[in-house]
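Structure, as structure tokens:
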Amino acid sequence: MLLPACSGTAPHISIVCEENNVGNSIVKWEIAPLIKGNVKVYASTDPNNIPEDSPVAIANISDQRMTIVTTDPTKRYYYTLVFNDKYRVKIATRNVNIPGIQNFRDMGGYPSYPTKKRVRWGMLYRSAQIDSLECYSRRELKNIGIKTIIDLRSESELKGHTPLQQGFNVIHVPIKTGDMEDILKGIQEQKIKSDTVYRMVERMNRELVMHYHKEYRQIFDILLNSTNYPVVIHCSSGKGRTGIASALILASLGVNSDIIMEDYRLSNDYFNIPSASSYAYNLPTRSQEAITTIYSAREDFLNAAKEEIERRYGDVDTYLQRAIGLTKEEIKKLQSILLVKND
């Protein structure tokens, strides 16, 4: 995700930061117009306090990339990049690699154009299912500071899963996707094809925004309590229900629809479909394609929900207020919790 930083006559700086498989941070940047000089990187495990006394890395601006070696991959680091001791950009990796959890991502850093602020790093995460974890994975969740886990899975989905160990405030807000279970069963029985799955997922997403207003209201109530943070929201794959909930939250913060779509589609990069559906290896190619479709984050899937909202309410802001029941004061309060001024 490119994150532009602009202030006054400052150059346009776009940065992407990703975590590799061993926990190091890969940082790449582009600057327009081009400037000469160096970039210094300062790091901290506290996104709200990154001291600029001793840089962890220095590079020439012309290098356009660097690797920041992490000595302890169980800790999450946040960075301030300072170009020529003048232009500052706060950044962190979007993805967080935690063994036993797929699709774990920080929703921070996105710009809120109406407010001219950004979503705070290290406050709000989204992921695929979180169940019983090994001690080192639990330690990483603790190091990140996770306090509240919002589980959107239904009661039937929880059967057969060992719950996460104590130490976290787990709140179940079940959003049923009975269609999903039927679809998967139909695929395994070779009764449903990929193109049929496509239409079924679109229909399911339309239903998600129409039938679960109370559940979304409960999620927002949790987020309106500042003592609950940091928060992670998850379902089974972290794509469907979590994707819709995340889109609504980002919309309430003033993040534009293009960036919301980009965040939604990142599930394609961070959710390992073969790992989640190992049984598919024994199915015909046509059925495997159908499974890939159901676990994919396609633009049409999120657009189906957005178009249903617009058809019934005109726009997402009206939906948030009339369907979910958020007042303008509550939206401002949520923004005061989750948004921060640009550096």
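Residue numbering for the sequence shown follows the numbering used here, beginning at 18 and increasing consecutively.
Backbone N, C-alpha and C define an ideal beta-carbon position, used for all residues, glycine too.
DSSP three-state assignment for residue i, whether helix, strand or coil
i, result
"Val218", "helix"
"Tyr127", "coil"
"Leu19", "Note that Leu19 scores 48 on pLDDT, short of 50, meaning its location in the model is unreliable; the coordinates nonetheless yield the value given after this. Reduced to three states, the DSSP call for Leu19 is coil."
"Lys358", "strand"
"Lys210", "coil"
"Ser79", "helix"
"Ser173", "helix"
"Lys159", "helix"
"Lys349", "helix"
"Ser24", "Bear in mind that a pLDDT of 47 at Ser24, under 50, signals an unreliable position, so the number given afterwards is only what the model happens to contain. DSSP places Ser24 in coil when its eight states are reduced to three."
"Ile43", "strand"
Assigned exposure category for residue i - 16 Cβ within 10 Å defines buried
i, result
"Asn222", "buried"
"Tyr153", "exposed"
"Thr115", "Going by the sequence as given, residue 115 is Ile instead of Thr. Buried: at least 16 other Cβ atoms inside 10 Å."
"Glu316", "exposed"
"Asp123", "buried"
"Asp280", "buried"
"Leu158", "buried"
"Ser292", "exposed"
Distance between beta carbons of residue j and residue i, contact taken as under 8 angstroms
i, j, result
"Gln119", "Asn285", "About 12 angstroms; that fails the 8 angstroms criterion."
"Leu169", "Ile192", "5 angstroms"
"Ala314", "His230", "In fact, because the Cβ distance is near 23 angstroms, the residues do not count as touching under 8 angstroms."
"Met140", "Leu355", "6 angstroms"
"His251", "Ile108", "Between Ile108 and His251 the Cβ distance is about 24 angstroms, and since that is not below 8 angstroms, they are no contact."
"Ile2", "Ile167", "Only positions 18 to 360 of the chain appear in this structure, which leaves residue 2 out of reach."
Proximity of residue i and residue j at Cβ, strictly below 8 angstroms
i, j, result
"Leu265", "Leu150", "no"
"Val272", "Arg137", "no"
"Arg366", "Asn359", "The structure shown does not extend to residue 366, since the chain spans only 18 to 360, so no value can be given for it."
"Leu351", "Ser274", "no"
"Asn55", "Ile78", "yes"
"Val214", "Thr302", "no"
"Tyr59", "Pro50", "no"
Cross-strand partners of residue i (DSSP beta bridge)
i, result
"Glu141", "Rather than Glu, the amino acid found at residue 141 in this sequence is Leu. For Leu141, which the question treats as bridged, DSSP gives the partners Val248."
"Tyr96", "Ala60 and Ile108"
Distance cut-off 7 angstroms: residue i Cβ against heavy atoms of the ligand MG
i, result
"Ile108", "Absence of the ligand MG is noted for the structure shown, with no ligands found whatsoever."
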